[in-house]
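**Student:** There's a structure below that I have some questions on.
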Amino acid sequence: MILGLTGGIASGKSTVSKKLKELGSYIIDADKISREVSDSTEILKKLEENFGLQIIDSGHLDRKKLRELVFEKKEKRELLNSIMHPIIEKKIVKEIEENKKEKLIILDVPLLYETKLEYLCDKVLVVSVDEKIQIERLKVRDKIEKKMAKKIISTQMPLTEKLKKADIHIENNGNLDELLEKTKMIYTQLTM
51 MILGLTGGIA
61 SGKSTVSKKL
71 KELGSYIIDA
81 DKISREVSDS
91 TEILKKLEEN
101 FGLQIIDSGH
111 LDRKKLRELV
121 FEKKEKRELL
131 NSIMHPIIEK
141 KIVKEIEENK
151 KEKLIILDVP
161 LLYETKLEYL
171 CDKVLVVSVD
181 EKIQIERLKV
191 RDKIEKKMAK
201 KIISTQMPLT
211 EKLKKADIHI
221 ENNGNLDELL
231 EKTKMIYTQL
241 TM
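Printed below as a string of structure tokens:
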């Protein structure tokens, strides 16, 4: 079974993903694949051509600068996606194929619906969190201002839309132990 794992930024997806891995799931992490892809010379060159030298620091992608650029203008975000997503999707499909014997594959894709990758999944799990909590977590985790946190959140599909499409939902407004327990219950249900 392939379970898509998604939700808003700073919702607790990474914690859920880590717990599912610990329980025996095979994880395909789209963010990790994205980092690998963006570090390739060919992609770095394309990104530099399209976004300028300011996003390159000592031969490596300055993700913070790129993020600031793409969250300012929708066109730039769409351009970045048009460069990155086809390659990421290809790598995800290949990794699924190579690991299809696994009992439970978790496709951890923060923008699963936005990138239209849900077609690869048998079911989708959405992790949600109250926006106030989300903003605070994002400010602390990424060391950004409230305004930038809100801007990033506003570029994602609204949570209500994600929840309409979800097969499974974890609400993460509680503490870590509650989140881990909910995750364990879902894992048990999916692997029985």
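Residue numbers for the sequence shown follow the working numbering, so the first one is 51 and each next one is one higher.
C-beta: ideal position from N, C-alpha, C; glycine also.
Does D192 come out as helix, strand or coil in the three-state DSSP assignment?
**Tutor:** Reading the sequence shown from its first residue, position 142 is the one you call residue 192. DSSP places D192 in helix when its eight states are reduced to three.
**Student:** Do Q239 and S61 have their C-beta atoms closer together than 8 Å?
**Tutor:** Locating residue 239 in the sequence shown gives position 189, where the first residue counts as 1. Locating residue 61 in the sequence shown gives position 11, where the first residue counts as 1. No. Outside cutoff.
**Student:** Answer with buried or exposed for V190, where buried requires no fewer than 16 other C-beta atoms within 10 angstroms of its C-beta.
**Tutor:** Walking along the sequence shown from the start, residue 190 turns up at place 140. V190 is exposed by the Cβ-count criterion.
**Student:** With a CB to CB cut of under 6 Å and the five nearest residues on each side skipped, what residues in its chain are close to E221?
**Tutor:** Locating residue 221 in the sequence shown gives position 171, counting from the first residue. Hits under 6 Å: S178.
**Student:** Any idea which residues DSSP pairs E221 with across the strands?
**Tutor:** What you label residue 221 is simply residue 171 of the sequence shown in a count that begins at 1. According to DSSP, E221 bridges with S178.
**Student:** Consult DSSP for D81 and reduce its assignment to one of helix, strand or coil.
**Tutor:** In the sequence shown, the residue the question calls residue 81 occupies position 31. In the structure shown, D81 sits in a helix (DSSP, three-state: H, G or I).
**Student:** Thinking L157 and I142 are a contact (beta carbons under 8 Å), I'd like their distance in whole angstroms, please.
**Tutor:** Counting from one through the sequence shown, the residue named residue 157 turns up at place 107. Counting from one through the sequence shown, the residue named residue 142 turns up at place 92. Right, their Cβ atoms sit about 7 Å apart.
**Student:** Is the distance from the Cβ of E139 to the Cβ of L167 below 8 Å?
**Tutor:** Reading the sequence shown from its first residue, position 89 is the one you call residue 139. Reading the sequence shown from its first residue, position 117 is the one you call residue 167. In this structure, L167 lies closer than 8 Å to E139 by Cβ.
**Student:** Residues in the same chain with beta-carbon distance under 7 Å from N223, minus the five sequence neighbours each way, listed in chain order, please.
**Tutor:** Taking the sequence shown and counting its residues from 1, one reaches residue 223 at position 173. V179, D180 and I183, listed in sequence order.
**Student:** Which residues in the same chain as I137 place their Cβ atom closer than 6 Å to its Cβ, once the five residues preceding and following it in sequence are excluded?
**Tutor:** In the sequence shown, residue 137 corresponds to position 87, counting from 1. Answer for I137: V87, listed in chain order.
**Student:** I'd like to know if the segment 111-130 and the segment 63-70 are in contact, where contact means that at least 3 CB-CB pairs between them fall below 8 Å.
**Tutor:** Flag = no, the segment 111-130 and the segment 63-70 do not touch.
**Student:** At what residues does the beta strand (DSSP E) containing I155 begin and finish?
**Tutor:** By 1-based counting over the sequence shown, the position of residue 155 is 105. From DSSP, the beta strand (DSSP E) with I155 extends over I155 to D158.
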